[in-house]
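In the numbering used here, the protein residues as written are 5 to 543.
Positions of the beta carbon are idealized from the N, C-alpha and C atoms, including for glycine.
Please read these numbers as outputs of a predicted model, since none were measured by experiment.
Only one structure is covered here, and it is reproduced in the block below.
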Amino acid sequence: KDSAEMKKIIARMEDLNNFIVGTTLEKDNAEAFKEKGNELLKSIKSLAEMTENYVNTKNPWFAEGKARLKIVKQINDRLQRDIIGMEEKINDFQYLPEDEKARINSWTDFLNFQRTVHLVDGKNGVKISNTGGNTSDVIVIEKNGQKFFFKEEEKLPSDDFGTIMKNVTKDAKKDRGDKPVEKGSVESYVDEFLKCFNKEISRFDTNELFAGLLSGGKAENSYKGIKESLKTFGIMFSSQTGQLVYDIDKLSDEKKKKEIQDKLGQIFNDIRKDFVMGEIGAHTTKIKAGEEMAKRNVATARLANLLGLGDVVPTSEMATIEVNGEKKYGVIMGEAEGQETSKVIMGKNKEEHKDKLITYTGNAIKDSLNLQVLDILCGQTDRHSGNRMSKIVETKKKGVYAISKVTGIDGDLSFGTRDYETLKVEDQTGFGLPAMSEDVAERILALDPAILDYEMLGLLNKKERKALKERLQGMQAAIKKRKEYEKKNPTKAKRFLKDEEWDAFTTVLRDKAKKSTSLLKSLGKTYITPSILLGMKMK
Numbered sequence: 005k006d007s008a009e010m011k012k013i014i015a016r017m018e019d020l021n022n023f024i025v026g027t028t029l030e031k032d033n034a035e036a037f038k039e040k041g042n043e044l045l046k047s048i049k050s051l052a053e054m055t056e057n058y059v060n061t062k063n064p065w066f067a068e069g070k071a072r073l074k075i076v077k078q079i080n081d082r083l084q085r086d087i088i089g090m091e092e093k094i095n096d097f098q099y100l101p102e103d104e105k106a107r108i109n110s111w112t113d114f115l116n117f118q119r120t121v122h123l124v125d126g127k128n129g130v131k132i133s134n135t136g137g138n139t140s141d142v143i144v145i146e147k148n149g150q151k152f153f154f155k156e157e158e159k160l161p162s163d164d165f166g167t168i169m170k171n172v173t174k175d176a177k178k179d180r181g182d183k184p185v186e187k188g189s190v191e192s193y194v195d196e197f198l199k200c201f202n203k204e205i206s207r208f209d210t211n212e213l214f215a216g217l218l219s220g221g222k223a224e225n226s227y228k229g230i231k232e233s234l235k236t237f238g239i240m241f242s243s244q245t246g247q248l249v250y251d252i253d254k255l256s257d258e259k260k261k262k263e264i265q266d267k268l269g270q271i272f273n274d275i276r277k278d279f280v281m282g283e284i285g286a287h288t289t290k291i292k293a294g295e296e297m298a299k300r301n302v303a304t305a306r307l308a309n310l311l312g313l314g315d316v317v318p319t320s321e322m323a324t325i326e327v328n329g330e331k332k333y334g335v336i337m338g339e340a341e342g343q344e345t346s347k348v349i350m351g352k353n354k355e356e357h358k359d360k361l362i363t364y365t366g367n368a369i370k371d372s373l374n375l376q377v378l379d380i381l382c383g384q385t386d387r388h389s390g391n392r393m394s395k396i397v398e399t400k401k402k403g404v405y406a407i408s409k410v411t412g413i414d415g416d417l418s419f420g421t422r423d424y425e426t427l428k429v430e431d432q433t434g435f436g437l438p439a440m441s442e443d444v445a446e447r448i449l450a451l452d453p454a455i456l457d458y459e460m461l462g463l464l465n466k467k468e469r470k471a472l473k474e475r476l477q478g479m480q481a482a483i484k485k486r487k488e489y490e491k492k493n494p495t496k497a498k499r500f501l502k503d504e505e506w507d508a509f510t511t512v513l514r515d516k517a518k519k520s521t522s523l524l525k526s527l528g529k530t531y532i533t534p535s536i537l538l539g540m541k542m543k
């Protein structure tokens with residue numbers, strides 16, 4: 005149960021959250037802005053004093069109390085940083101460029117603004133570069149010998165396919181300018197493809213469109229994605245679009261053929277990205293169209309830190325970058341170690357790992373299961389094996405290598421309003437995954453919704469924060485139920501493990517999996533790949 009001091013902290017934090025959300029920001033009235041800003045600053049300082057006193061005076065004996073102390077310390081650190089940022093930004097607000105001020109329309113926006121990292125190319129050791137030329141949306145930032153990635157703001161698109169096609173067609177025409185289209189030119193092939201594809205695709209329903217575009221989404225050459233999708237739609241070589249693709253493949257001018265294929269490949273990627281993201285985001289993750297996506301990576305990192313899981317997802321912060329006076333708004337993310345797990349599973353790294361036996365270490369199993377717990381809380385719906393990075397190391401046994409660390413990347417499709425019931429992994433005893441870290445379980449139990457609210461203001465809307473708190477409550481109930489079960493059945497296997505217990509747990513799990521097909525089947529519902537657990541020979 006919460007102590008009297010903790011109850012006061014939570015009550016004060018709820019008041020602070022209500023003030024931030026419920027107070028109007030008058031940015032055109034300098035005096036009123038400063039008055040409310042200083043009132044907010046005073047409230048943050050008061051709460052910081054309370055949390056600092058708690059950290060300095062509490063010496064808990066029990067696990068949940070120790071977990072709560074760690075969380076309060078993290079919140080105190082956040083409040084101290086917010087105080088510094090608020091003091092600076094309240095005084096500077098009236099002098100901000102108009103484009104910056106236009107983005108700040110509430111105290112929630114202002115809180116988010118003062119937490120934003122500002123990086124300028126060529127200043128303070130910052131080097132900003134585009135990894136793939138002008139068409140790439142991956143921007144690399146190097147600072148103090150470290151590499152980060154920047155992702156620009158992006159709103160969840162509508163899943164209206166007709167609108168997406170119109171926008172893509174408009175963009176294609178805009179790119180070539182006002183010059184006339186010559187017969188047989190690259191532009192004429194692009195125009196003809198868009199006209200045919202748009203016409204023929206209109207007879208398919210949403211589910212068929214989704215399945216078709218998804219089928220070609222992972223083709224390494226995006227032009228191949230078009231052909232894969234046309235096969236799925238059943239119109240390859242039986243329609244104008246299929247005939248056009250066939251004609252392109254038969255072109256003798258290799259330079260022109262490659263240029264056409266590259267342009268159509270980029271168009272396919274644009275169509276697929278908007279439509280598939282819209283479908284998953286709106287219907288599975290249940291994110292409202294128009295909501296920003298990239299900042300969900302920041303929300304994921306913040307929740308991970310509260311749970312002591314800051315190493316299973318990359319660090320992430322809201323960021324503004326500036327190159328030659330041009331500003332971009334989005335998020336900056338740390339680099340994840342290793343390679344995509346899908347490449348390990350599918351043998352796409354066979355040259356690098358040929359003839360090696362690859363398995364898991366205890367730490368990788370711990371990362372995998374803790375990441376799955378985090379994703380349930382985040383409402384993550386896109387954690388396929390391509391969005392899990394695996395670091396492979398050499399073991400003491402000759403020819404045997406192991407995945408030693410697992411990291412989750414790409415949190416765009418998370419934190420919608422999806423409810424706990426559609427995400428939970430439970431059995432009749434409560435928490436149903438094979439295991440999770442004991443410290444993580446205690447932090448989940450100790451985490452209060454008011455703390456979540458403060459961390460997520462400016463990142464998630466009200467409905468998304470409510471759904472997050474409901475998922476938290478669902479997970480808390482599952483953990484408590486399992487703990488009660490283990491208390492009454494002390495001979496049953498523990499599911500809440502200390503750090504030093506994961507190696508032994510992994511050995512036992514591997515031995516059991518060798519003898520049990522039902523266990524292997526159940527592991528398929530987790531982030532543990534059964535074949536790697538048993539030891540997968542790369543050929």
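Measuring CA to CA, which of the options is closest to residue i?
i: Asp507; options: Thr120, Val444, Tyr364; result: Tyr364
i: Glu326; options: His122, Lys235, Asn128; result: His122
i: Leu160; options: Gly41, Met297, Ala176; result: Met297
i: Glu459; options: Arg82, Lys187, Ala15; result: Arg82
i: Ile94; options: Ser47, Gly41, Ile536; result: Gly41
i: Asp359; options: Asp503, Asp253, Met540, Asp266; result: Met540
i: Val25; options: Leu461, Lys519, Ser133, Thr173; result: Leu461
i: Val377; options: Phe500, Lys492, Cys200; result: Phe500
i: Glu4; options: Lys235, Glu191, Asp379; result: Absent from the structure is residue 4, since the part of the chain shown begins at 5 and ends at 543.
i: Gly216; options: Ser162, Asp182, Ser243, Phe272; result: Phe272
i: Glu92; options: Arg306, Met54, Leu45, Asn21; result: Leu45
i: Thr510; options: Ser133, Leu527, Ala286; result: Leu527
i: Asn63; options: Lys77, Glu53, Leu51; result: Lys77
i: Asp102; options: Asp266, Lys31, Tyr58; result: Correcting the residue identity first, residue 102 is Glu in this sequence and not Asp. Of the candidates Asp266, Lys31, Tyr58, the one whose C-alpha sits nearest the C-alpha of Glu102 is Lys31.
i: Glu414; options: Gly89, Glu344, Pro438, Lys74; result: Checking the sequence shown, residue 414 turns out to be Asp, not Glu. Taking only the C-alpha atoms, the option nearest Asp414 is Glu344.
i: Thr236; options: Phe208, Gln244, Ser522; result: Phe208
i: Ala471; options: Pro453, Lys487, Gln265; result: Pro453
Under three-state DSSP, which class holds residue i?
i: Arg486; result: helix
i: Gly137; result: Annotation note: pLDDT 39 at Gly137 (below 50); position unreliable, coordinate value reported separately. Residue state, collapsed to three classes: helix.
i: Met281; result: helix
i: Ile94; result: helix
i: Leu255; result: coil
i: His287; result: helix
i: Ser526; result: helix
i: Gly269; result: helix
i: Met393; result: strand
i: Phe500; result: strand
i: Phe419; result: coil
i: Ala406; result: strand
i: Glu398; result: strand
i: Gly229; result: helix
i: Leu123; result: strand
i: Met479; result: helix
i: Met105; result: Reading off the sequence, residue 105 comes out as Lys, not Met. Lys105: helix per DSSP, three-state reduction.
i: Gly246; result: helix
i: Phe214; result: helix
Check this for me: beta carbons of residue i and residue j, under 8 Å apart or not?
i: Thr3; j: Gly383; result: Lying outside 5 to 543, the shown extent of the chain, residue 3 is not represented and no answer is given.
i: Ser346; j: Gly403; result: no
i: Met322; j: Arg119; result: yes
i: Thr421; j: Lys485; result: no
i: Pro318; j: Gly342; result: no
i: Ile362; j: Ile407; result: yes
i: Lys409; j: Lys395; result: yes
i: Ser418; j: Arg300; result: yes
i: Ala340; j: Ser320; result: no
i: Val302; j: Lys155; result: no
i: Leu225; j: Gly269; result: It should be pointed out that residue 225 corresponds to Asn in this sequence rather than to Leu. Contact flag set, yes.
i: Glu146; j: Lys170; result: no
i: Phe23; j: Ser47; result: yes
i: Leu463; j: Leu381; result: no
**Message:** As an exercise, report each continuous beta strand (DSSP E) stretch of at least 3 residues that is fully enclosed by the region 308-338, in chain order.
**Reply:** 320-327, 330-338
**Message:** Counting beta carbon pairs with one atom in the region 173-181 and one in the region 238-248, are three or more of them shorter than 8 Å?
**Reply:** no
**Asked** Contact between the region 425-445 and the region 468-482: three or more CB pairs below 8 Å?
**Response** yes
**Asked** Hey, is the region 441-451 in contact with the region 301-320, meaning 3+ C-beta pairs nearer than 8 Å?
**Response** yes
**Three CB pairs or more closer than 8 Å across the region 251-262 and the region 275-291** = no
**Asked** Taking contact to mean at least 3 C-beta pairs separated by less than 8 Å, is the region 104-118 in contact with the region 31-40?
**Response** Contact between the region 104-118 and the region 31-40 is present, because at least three Cβ pairs lie under 8 Å.
**Item:** Runs of alpha helix (DSSP H) lying entirely within the region 14-94, each at least 4 residues, in chain order
**Value:** Under the rule that a run must span 4 or more residues, the alpha helix (DSSP H) segments found entirely inside the region 14-94 read 34-61.
**Request:** Let me know the alpha helix (DSSP H) ranges lying completely inside the region 128-202, each 4 residues or longer, listed in chain order.
**Result:** 165-180
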